[in-house]
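Number of protein chains: 8
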Amino acid sequence: MDDKEIEKILNLYSKGELPASEAIRKIKNLSYEDVGFARIDHARRKRQGFPEVIFGHGKTSIQIATIFQRLAEFAPNVMVTRTNQGAYEEIIKIFPEAEWHEQARLIRLFRDKTNLGVGEICVVTAGTGDIPVAEEAALTAETMGNQVRRIWDAGVAGIHRILSERETLKGARVVIVVAGMEGALPSVVGGLVSVPVIAVPTSVGYGASFQGLAALLGMLNSCASNVAVVNIDNGFGAGFVASLINRRWECSEV
Amino acid sequence: MDDKEIEKILNLYSKGELPASEAIRKIKNLSYEDVGFARIDHARRKRQGFPEVIFGHGKTSIQIATIFQRLAEFAPNVMVTRTNQGAYEEIIKIFPEAEWHEQARLIRLFRDKTNLGVGEICVVTAGTGDIPVAEEAALTAETMGNQVRRIWDAGVAGIHRILSERETLKGARVVIVVAGMEGALPSVVGGLVSVPVIAVPTSVGYGASFQGLAALLGMLNSCASNVAVVNIDNGFGAGFVASLINRRWECSEV
Amino acid sequence: MDDKEIEKILNLYSKGELPASEAIRKIKNLSYEDVGFARIDHARRKRQGFPEVIFGHGKTSIQIATIFQRLAEFAPNVMVTRTNQGAYEEIIKIFPEAEWHEQARLIRLFRDKTNLGVGEICVVTAGTGDIPVAEEAALTAETMGNQVRRIWDAGVAGIHRILSERETLKGARVVIVVAGMEGALPSVVGGLVSVPVIAVPTSVGYGASFQGLAALLGMLNSCASNVAVVNIDNGFGAGFVASLINRRWECSEV
Amino acid sequence: MDDKEIEKILNLYSKGELPASEAIRKIKNLSYEDVGFARIDHARRKRQGFPEVIFGHGKTSIQIATIFQRLAEFAPNVMVTRTNQGAYEEIIKIFPEAEWHEQARLIRLFRDKTNLGVGEICVVTAGTGDIPVAEEAALTAETMGNQVRRIWDAGVAGIHRILSERETLKGARVVIVVAGMEGALPSVVGGLVSVPVIAVPTSVGYGASFQGLAALLGMLNSCASNVAVVNIDNGFGAGFVASLINRRWECSEV
Amino acid sequence: MDDKEIEKILNLYSKGELPASEAIRKIKNLSYEDVGFARIDHARRKRQGFPEVIFGHGKTSIQIATIFQRLAEFAPNVMVTRTNQGAYEEIIKIFPEAEWHEQARLIRLFRDKTNLGVGEICVVTAGTGDIPVAEEAALTAETMGNQVRRIWDAGVAGIHRILSERETLKGARVVIVVAGMEGALPSVVGGLVSVPVIAVPTSVGYGASFQGLAALLGMLNSCASNVAVVNIDNGFGAGFVASLINRRWECSEV
Amino acid sequence: MDDKEIEKILNLYSKGELPASEAIRKIKNLSYEDVGFARIDHARRKRQGFPEVIFGHGKTSIQIATIFQRLAEFAPNVMVTRTNQGAYEEIIKIFPEAEWHEQARLIRLFRDKTNLGVGEICVVTAGTGDIPVAEEAALTAETMGNQVRRIWDAGVAGIHRILSERETLKGARVVIVVAGMEGALPSVVGGLVSVPVIAVPTSVGYGASFQGLAALLGMLNSCASNVAVVNIDNGFGAGFVASLINRRWECSEV
Amino acid sequence: MDDKEIEKILNLYSKGELPASEAIRKIKNLSYEDVGFARIDHARRKRQGFPEVIFGHGKTSIQIATIFQRLAEFAPNVMVTRTNQGAYEEIIKIFPEAEWHEQARLIRLFRDKTNLGVGEICVVTAGTGDIPVAEEAALTAETMGNQVRRIWDAGVAGIHRILSERETLKGARVVIVVAGMEGALPSVVGGLVSVPVIAVPTSVGYGASFQGLAALLGMLNSCASNVAVVNIDNGFGAGFVASLINRRWECSEV
Amino acid sequence: MDDKEIEKILNLYSKGELPASEAIRKIKNLSYEDVGFARIDHARRKRQGFPEVIFGHGKTSIQIATIFQRLAEFAPNVMVTRTNQGAYEEIIKIFPEAEWHEQARLIRLFRDKTNLGVGEICVVTAGTGDIPVAEEAALTAETMGNQVRRIWDAGVAGIHRILSERETLKGARVVIVVAGMEGALPSVVGGLVSVPVIAVPTSVGYGASFQGLAALLGMLNSCASNVAVVNIDNGFGAGFVASLINRRWECSEV
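Chains as they are written, first to last, in my numbering: chain A, 2 to 255; chain B, 2 to 255; chain C, 2 to 255; chain D, 2 to 255; chain E, 2 to 255; chain F, 2 to 255; chain G, 2 to 255; chain H, 2 to 255.
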């Protein structure tokens, strides 16, 4: 709810064109659409700079398609994360241009490709096992209006692999680093760049990796000061935060 | 080590003005100063956009003052975190303009106050107990060239306290949220703004807060997509990352 | 075992109508029925205000139906939680009026619909993924004689969703809040109402949610003072406690 | 903020007696008083049925006394928890009738002793080491308008100790059970009564009690359905929730 | 290796009937039989009072049958734990009298039923879900020469259920208590008897039971002094220890 | 409460010498003495074969002395664990024959030295750091009527140290093994003897010993089947359980 | 990148045969081959004394075969760990001499069998369940040029089993000990030998073994000073480290 | 106990110069000296290649000096770890040449300085806070007959610091890497060298470092295959293992 919307209602009310009870109800209903099993948050685009993204896990294909359609009426770009091909098949019945990204398990409608960013977003993985999470981050960033560069399989045990990409890293306004196992790569990358690093621990590993806990703790304790962390396997969140960091300030003020 | 420095050495070498062995040594020594107990990283300002910051914990006052003096020769602004008044007294002998911030346990030399930021940085706390960590974040951000706004004691159990600050939050290019106990505030703030939120869990709490673990886990699982997290009580890191996010792109390319 | 029952036996004994050994045995057998694999606790209704509820997990359909039938002889309303359709099919052979609630995985016989409550019980979820657990709570509360209001998908990242329900919350004698991920919603709701809040962490989430641990710790550390917590995914427990809170005192004194 | 207050402002605004900007500001300022280091939440009494309680830990005696005085202007009863005698000495300068409870480390001003409860609140401990936490709960409940019964040292290894108190337990509208070590007592008490049980794990124990974790987990997994849990050592929270449970419905609707 | 066996070899050696190298080898080979994938420990019966028991998990049916046959040559009673019907079918080809216990997932050959015990062993469960583990304990104890009494479903939330079994408990030389969830029953039983209690936590429960961790911690912190604990779900271990406790001293000195 | 006591009361009642209300009260009061801050459990000796032992931690010297005196009226042997010299000085004013055991931090009154045991109890430590806990176990066992053998500093890294004590171990009816760090000794000892082993993990160690957790987990997972475990540093509990194991059956039936 | 390679490029550059930009590129490309989804690290053999090993988990058979073929061009011996028969079938199409090791789930090409070791490597397991992990270690060590001795099923509960292998252990330059459950064997072996022991915890066990955590902690806290630890189930890592320890120094300086 | 010693005794026995009972006793007593509170393991030098090292923590100065003197009779070099100046002052009364190393909290007698190593041992730290643990490792390695190189403060956030030491690292037969916080350095160093890396996590850090747990997990999950790990802060263990790795094979066979 922003001031302008409230002011408009207040105006109508003060002119007597709106009874008090109605004014209160209207203020309440400004912000979301109730479809029974969910409250679709149309105000989010206003508040957060991107429409609500559908978290596919635990929803039926029909539910996903329903929400997708509603969101697509208001926003040019729509995404579903952690989903499957079944949901995709439901969606392309209505939106044939929707894309299915197998590795990232992500559906998107990508109609508005305006570049909103200051610079590039660089997405780096430590190993090949980290690519699905990194792809989720990269696709999210692209869909939110960013140029994205991918650097795969550049873990610290072969330090020359990341060192040889220093030039590419320099062009980035923000770097996303995706790593499992000991999660050491963000610290090394953090030391190489003068921009924020968003670290994504992955559940890649075994034994004492404890499903990503080792990588998570490693990243939280990074000796590089420019590292911030998101949840284990949360490629989407990293792409989202990085997009907001890279966004040109004038674009942020939607 | 950037290309220009290497090229200069390569030039000298190719002209025969530098023997091969010397060229190799020179390339090695470009980057840090060894003072025995520490390697002062003078290249960090180049690489990370701010000189190395002294982590005071576990260092003697003399050691701190020694490193401080070296850093102050190259950089206008210098900081010591997690330190005490003893170190401060050692430092003001040489730099009488140095400041001691009791609550944040931080010393700084703040000679260059140029504003390098796109907008403001907003620092919010859930409770009064979170203020020391928040002050460390705020002072770091100021020292790194940012305008900072402080909002203290706006936890979610009295939701109107943060809601009444929405106008202030809107002016921010990035928001730092500092909270202990259940660490819920970043999710609420994250939902109110369209910019990145850096969440700092604190060790404020007791029992099942497990020294900040509850707040940390809460923030990592935030249902707001624009939240990234730093270590427990790591106000400095939050201030650092926020500064790089807020920094004008042309200033970043030092 | 209450005094009246003992007194009766003592009377018989003192009149010589009951030998000592028999008096001791009788006192022992007052309270439960042994069916071999379980001791059905018929005294529970007396002691706890509701008959024993069948925890379906790990029991065969036949076992469930057997216990169900025994309980249904003494009590009008009977419930099975964490069960499946197979058990339901066994039960409707005998009780065709029994209901199967797919989402909550719950069977109930709901013959006595007397309202025993002071006010309403409000059940709120943070997301759509929390609905199955919330339904278990809501159905339990209804079966135990309460009016229930459901508010689904009102998580804190879109704070207006819960704020717009304040009027509904006000009518509640007790509120159940069901949330996974960071589990922040009970703190916000707790701050909005002057009645007890029963918080139910769910295992909804991934990565550092650690199957509901993050939500559980968040709720235990709630900065709202009126929040008490039950086990992860324990919708039944929340519904049970809330029912006892809402119960009219004169009804409690069964 | 309740509707009446907003309506009053809307009225003034619609009559032209209040400009739009002022109306917005007024709505914002309805709810708390900013004293620099804290926002005193005067609306809490309205919202939660008891004024804000001062969490003494980490605050100076002067800060505590300052907040105490402000709260005491609006509310008859005021409490400080987790505090010390120093703060008490500061407070009795202004409020000589304030009380110091050594064992519970609690200060209170207890001017309004109206009984607001339906029945009694019973507070039970498993061991003598649990008494300080239990006293915090008991004093909180008393201060909030309840009759309180104390049952100390009735742990399950001597089961007759709690069994012999069954009559007392029967008179309670709600029971608070405080236990460390294995935290088994709430399950036993839960099975004896037909009212809600608020379980408080304590950090009493050693070794694998892990500062109360064992008791906490035990209580969360209670096989008695009428048990809800608060944080380790959180006697205050238990007393608060229990008070709201016991409160007569007509008193709740303040 | 006991002294007698060594002495015999030393005698042969000292008489010159055995060369030094052979004496050393002989001493080495006294104790186990190497079948390639396992070293069958025939000396265990001597050392521990019962032959090695086959842990079935992770072994093929053929491997189990092979070891079973070897053990059965030396010992009258043989057991396989954590196994399945497939292994049983392999074994009854050779030992038609072998028994298959479905619930406990245990095979046994029970040829020697001599009672070696001082008194009875009582096995108690808190719930019906704990019965499989309890059966493993009971069958182990029987096979090792004990009279066993079973008390199922006597959890603490219906305290009268265990109290009514006090007479039975009194006859026991040792009590095994099997419980999941909060694991409170051993403390209560421990307080009722003057003999050792072996507590077995089970993984029965959900959420914060963390696969038996809650019950395990509860039992380790029991306020009853006569409780010792074995691993989660380790019915076999409990039965084994209890058998040694109950064993008549003269039988122990095999 | 045993049958005889109840029968006596029932007799009086049936003869009309006792009114019903009085009979009920009498049954209730049979078992403990209330001294305000504690309920002294005089029936424990009856039920558990040894009077209540005073856990000194968290009690004042006066409180300890008070309980000590009450217990000493009914029982010849009395113990205080986890206490200090201050409490001892209070006690010897009344009982000059009381002993103070510095290393074990234990006070005892040892007036009845009757041997109640079948055989010896052997107490073994892995290192010298484990001796205080082992002494607590040994003194407890002695006070409860057992012959005790001590074997100190026989950890597994020098396996010959424990192997050389095999003869001593053979004479034991039960062995207590006390070990910190990796807690491996109980498994080795368990494999050497045919009697129960009570394992006591200690908090001796550092780093990943996590205050005894490593030793505790090691012991719970012992590959020797005759090992049961008590809480970290719980020498008293181990001594108690071992005493009950060693007790001659005819002595158990107090 | 070693000095010689750089010097060669520098020479060409200084002679004007290589432009600066090309010299920089060449230095960058010395070290790995990019195949899209992975960067094959051909320099690893130089740097680490063995070519990169393929971690099969999460890779398709085709991907594995592709990398395998590339590695096999440069190195005589190639290994794939944590793989399956499908990948093997793909590989033998090209390398019919490749071997499939079912138990260890490992494929290898073993063309160069030169012995590079100082002495033997001894691999010991505590139980039969630990053999798959131990085989992975043994095969790795063999493939890296070592003589390997296997000792299976020699756990500490039958201490004579490992004691009888002392002669074999003495011949080893390094010992790998593989154990699940309490993980005590490395401490015992460590005490028997004067060479390094590499301990491998396995996930063999149940309940409080917490998937190998108990064994891991046990090994980290070993009271034997010559024990170092690798990740849970990491047979490959143990074999790798042991190979480097055993390698003749002159072979190490590749 | 080695074969030669046993053979000698067997010879005497077979000649009749030694009765059987005496032969058995002699074999038992070969290995350690009992001083009451400890069994000094004189055979350890034989078995492990270095005499027992005194773990100072928890021992009195007198106890330490006593053991020190006994060890010094048999071995030229003696060490005490985790000790203090008080113990040192006790020792220099007898051994004036003993050294006190403040930072490492280590006493040593260093009379035999023979180099037993194949190459050098390199000790690297990530930060200055890790130096005390690293010094313990370095001093241990020196005392055990090795040449040691120290590289302090070369953490990964300034990757050039460790890269510039590659030449030094190349000369090492084994590298010890000491790091707190995220513990990433061993992975980077592991990738640079072809020798074993012993990683030592330290408790340096705060918040989610959880006293070294983050570093420990990071190192256990290292993506470099040549890394093995010791306990948190266990510099001594790392120095010990590294010494055995570096030891010339002919020296190992003491």
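Built from N, CA and C at the ideal position, the CB exists for glycine as well. None of these values were measured; they are calculated from a predicted model.
Extent of the continuous alpha helix (DSSP H) to which Arg-162(C) belongs: For Arg-162(C), the uninterrupted alpha helix (DSSP H) run begins and ends at 161-164, by DSSP.
Suppose contacts are defined by Cβ-Cβ distances below 8 Å. Is Val-178(E) in contact with Val-125(E) by that definition? For Val-178(E) and Val-125(E), yes; Cβs fall inside 8 Å.
Relative to the alpha-carbon of Ala-142(G), which residue among Thr-115(G), Arg-167(G), Ile-233(G), Gly-184(G) has its alpha-carbon at the smallest distance? For the set Thr-115(G), Arg-167(G), Ile-233(G), Gly-184(G), the Cα lying nearest the Cα of Ala-142(G) is the one of Thr-115(G).
Through-space distance from Ile-160(G) to Arg-162(D), alpha-carbon basis: Their Cα atoms are separated by approximately 48 Å.
Are the Cβ atoms of Trp-56(D) and Met-145(D) separated by less than 8 Å? Per the sequence shown, residue 56(D) should be read as Phe rather than Trp. Cβ atoms of Phe-56(D) and Met-145(D): not closer than 8 Å.
Does the CB of Asn-78(E) have a neighbour CB from chain F at under 8 Å? Chain F contact via Cβ: absent.
Could you tell me which whole beta strand (DSSP E) segments of length 3 or greater appear in the stretch 72-97 of chain B? Runs found: 78-82.
Simplified DSSP assignment, three categories, for Leu-11(B): Leu-11(B): helix per DSSP, three-state reduction.
Anything in the stretch 155-173 of chain F with a Cβ closer than 9 Å to a Cβ of chain G? List those residues in chain order, please. Within the stretch 155-173 of chain F, the residues whose Cβ lies closer than 9 Å to some Cβ of chain G are Gly-156, Val-157, Ala-158, Gly-159, Ile-160, His-161, Ile-163, Leu-164, listed in chain order.
To which residues of the same chain is Thr-169(G) closer than 7 Å at the C-beta, ignoring the five residues directly before and after it? These residues qualify, in order along the chain: Cys-123, Arg-150, Ile-152.
At least three beta-carbon pairs within less than 8 Å, the stretch 55-69 of chain H to the stretch 83-94 of chain H: Taking a contact to require three or more Cβ pairs closer than 8 Å, the stretch 55-69 of chain H and the stretch 83-94 of chain H qualify as touching.
For a quick check, are the C-beta atoms of Ile-10(G) and Ala-21(G) less than 8 Å apart? Taking 8 Å as the Cβ cut-off, Ile-10(G) and Ala-21(G) do not qualify as a contacting pair.
Can you list, in chain order, the stretches of the alpha helix (DSSP H) that have 4 or more residues and sit fully within the stretch 132-200 of chain G? Entirely contained in the stretch 132-200 of chain G, the alpha helix (DSSP H) runs reaching 4 residues are, in chain order, 132-144, 161-164, 167-171, 186-193.
Own chain residues within Cβ distance below 6 Å of Met-220(C), not counting five before or after: Gly-184, Pro-187, Ala-200, Pro-202, Val-230.
Among Ala-215(B), Val-228(B), Val-175(B), the one whose alpha carbon lies nearest that of Asn-222(C): Closest by alpha carbon: Ala-215(B).
To the nearest angstrom, how far is it from the Cα of Asn-299(B) to the Cα of Asn-12(A)? The question about residue 299(B) has no answer, for chain B in this structure spans 2 to 255.
Who are the Cβ neighbours of Phe-237(H) in its own chain at under 6 Å, not counting the five residues just before and after it? Counting only residues of its own chain and dropping the five nearest sequence neighbours on each side, Phe-237(H) has a CB closer than 6 Å to the CB of Thr-82, Glu-137, Thr-141.
Residue nearest to Val-190(H) in terms of C-alpha spacing, selected from Lys-16(G), Arg-48(G), Val-175(G): Of the candidates Lys-16(G), Arg-48(G), Val-175(G), the one whose C-alpha sits nearest the C-alpha of Val-190(H) is Arg-48(G).
Given a cut-off of 8 Å, decide if Ala-135(E) and Gly-181(E) are closer than it, judged by their beta-carbon atoms. Taking 8 Å as the Cβ cut-off, Gly-181(E) and Ala-135(E) do not qualify as a contacting pair.
With a CB to CB cut of under 6 Å and the five nearest residues on each side skipped, what residues in its chain are close to Glu-121(E)? Only Gln-148, Arg-150, Gly-172, Ala-173 meet the Cβ criterion.
Element boundaries [beta strand (DSSP E), containing Phe-111(F)]: Start and end: 107-111.
Going by C-alpha distance, which of Ala-139(C), Ser-244(C), Gly-206(C), Val-205(C) is nearest Ala-105(C)? Ranking the options by Cα distance to Ala-105(C), first place goes to Ala-139(C).
DSSP three-state call for Met-2(C): helix, strand or coil? Note on Met-2(C): pLDDT 46, under 50, position unreliable in the model; the coordinate value appears next. Looking at Met-2(C) - three-state DSSP - the assignment turns out to be coil, as it is neither helix nor strand.
Beta-bridge partners of Pro-52(C), as assigned by DSSP: Looking at the DSSP assignment, Pro-52(C) forms no beta bridge with any residue, so it has no partner.
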